[in-house]
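To start, the structure itself, in structure tokens.
Residue numbers (mature numbering (1 follows the signal peptide of the UniProt record, and there is no 0)): -20 to -1, 1 to 364.
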């Protein structure tokens, strides 16, 4: 359509500039007359006395028709050239206005403003956990070409909290391309270092999400060993150490409860590692806070599992009697406090007898009832 318009304009301009006689297109006189078919085929040797008169008359009629047609075309073209002249004048006026008003510059500026507003809406939607809205803006903007700015904006927010990073991870999780998600994780990890965001549940969430892009679908074959170490193992180890420290010392154990409450799948992922501390980590143990931890957790099943894990850890790691002489009675006292809640639920009530029997691991004549008598239940009642 554009090409047709341009060609039409050029024809009209040429017609406007052309001289009238050149537009007239008057043909040269022709002396040609067609010979009748029967004469050509030698069926008739005489074409007739009026042959030449008819020929001349027919030619004159054709010439007159051509002149009339050309006159009509000429008149039409002249009318169109008048219209084109007005268009030319209007175009000249507009072309004179454009440089002074900087319309194109203003249009570009307006586009940038709209793009910036959409970017702000995108980031705000991520921070508010409106992931589907954020993804729509992402597609409208074509933001994959400037995706780093999304991460930068979230981390530059002075009011940034862990939930903002959590929501960003949720946004990355829905991106369809494995390579795209991998690039996000590579760029995001260094951002989490300055304030040790990796020592939290978002660090653990990062590691679990990154595992899906680090390993092949079989879950075992690393696609990139550097990514495996940096994005998965390092982040998993850092977050696990953080929560293991909460188990042993009670420091920030409120986040351990929140992990159990809000992200039970993540809690269960690292559960076994929480009770396998190194010797140096075990030296930081705060016995009172550690033994009261199970009662403070959220899920009844978690309480029962942690009691069992702590009993097994103490019996395995502290072989000498004097050490567990203090810890075992404390564990028995806190279990007694939690029994009421554990017995309310069918699955945990079924574990109670096994938990009590586990205290026999501390040595002969150190069953649950014997150990419980050493420390009164009332001392621990606040833990309930």
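From the three backbone atoms N, C-alpha and C, an ideal C-beta is built for every residue, glycine too. All of these numbers come straight from a predicted model, not from anything done at the bench.
#### Entry: Cα-Cα separation, residue -2 to residue 34
Below a pLDDT of 50, predicted positions are generally treated as unreliable, and residue -2, at 48, falls in that range; no measurement from the model is reported.
### Task
Could you tell me which uninterrupted beta strand (DSSP E) segments, each at least 3 residues in length, are contained entirely in the stretch 161 to 191, listed from first to last along the chain?
none
### Query
Among 196, 247, 276 and 198, which one has its Cα closest to the Cα of residue 221?
247
### Query
Thinking C-alpha only, which one of 104, 341 and 214 is nearest residue 194?
214
### Task
Inspect the beta-carbon positions of residue 328 and residue 293 and report whether they are closer than 8 Å.
no
### Message
Suppose you measure from the CA of residue 311 to the CA of residue 237; what does that come to, to the nearest Å?
### Response
19 Å
### Message
Between the alpha carbons of residue 342 and residue 187, how many angstroms are there, rounded?
### Response
37 Å
#### Entry: Presumed contact (8 Å Cβ cut-off) between residue 230 and residue 270, rounded CB distance
7 Å
### Message
Would residue 315 and residue 287 qualify as a contact pair, given that the criterion is a beta-carbon distance under 8 Å?
### Response
yes
### Task
With DSSP as the reference, label residue 105 as helix, strand or coil.
helix
### Task
Give the secondary structure of residue 202 by DSSP, where H, G and I count as helix, E and B as strand, and everything else as coil.
strand
### Task
Please classify residue 195: does DSSP put it in a helix, a strand, or coil?
strand
### Task
Could you tell me whether the stretch 172 to 182 touches the stretch 141 to 154, using the rule of 3 or more Cβ pairs below 8 Å?
yes
### Short Cβ contact (8 Å threshold) for residue 224 with residue 254
yes
#### Entry: Boundaries (first-last residue) of the alpha helix (DSSP H) holding residue 238
233 to 242
#### Entry: Start and end residues, alpha helix (DSSP H) containing residue 132
128 to 136
### Query
Does DSSP put residue 150 in a helix, a strand or coil?
helix
### Task
State yes or no: is the C-beta of residue 207 within less than 8 Å of the C-beta of residue 153?
no
### Residue burial classification, residue 304 (beta-carbon count within 10 angstroms, cutoff 16)
buried
### Query
Which residue comes first and which comes last in the alpha helix (DSSP H) that contains residue 351?
348 to 354
### Query
Are residue 97 and residue 123 touching if we call contact CB-CB under 8 Å?
no
#### Entry: Distance between residue 45 and residue 37 (C-alpha atoms, nearest Å)
13 Å
### Task
Over the uninterrupted alpha helix (DSSP H) stretch that includes residue 334, give me the two end residues.
332 to 338
### Message
Just to confirm before moving on: does the CB-CB distance between residue 184 and residue 219 stay below 8 Å?
### Response
yes
### Message
Going by DSSP in three states, residue 258 sits in which element: helix, strand or coil?
### Response
coil
### Query
In whole angstroms, what separates the C-alpha of residue 204 from that of residue 317?
49 Å
### Query
When you compare only the Cα positions, how much space is there between residue 274 and residue 284?
7 Å
### Message
Is the separation between the beta-carbon of residue 99 and that of residue 129 shorter than 8 Å?
### Response
yes
### Message
Rounded to the nearest angstrom, what separates residue 181 and residue 85 at their Cα positions?
### Response
48 Å
#### Entry: Distance, residue 93 Cα to residue 115 Cα
20 Å
### Distance, residue 233 Cα to residue 140 Cα
22 Å
### Query
Secondary structure at residue 139, three-state DSSP: helix, strand or coil?
coil
### Task
Kindly give me the distance between the Cβ atoms of residue 351 and residue 308, rounded to whole angstroms, as I take these residues to be in contact under 8 Å.
5 Å
### Query
For residue 289, which residues from the same chain have a beta carbon less than 6 Å from its beta carbon, with the 5 sequence-adjacent residues on both sides left out?
255
### Query
If you draw a straight line from the alpha carbon of residue 159 to that of residue 333, how long is it in whole angstroms?
51 Å
### Task
Could you check which residue in 165, 227, 191 and 336 has the C-alpha nearest to that of residue 252?
227
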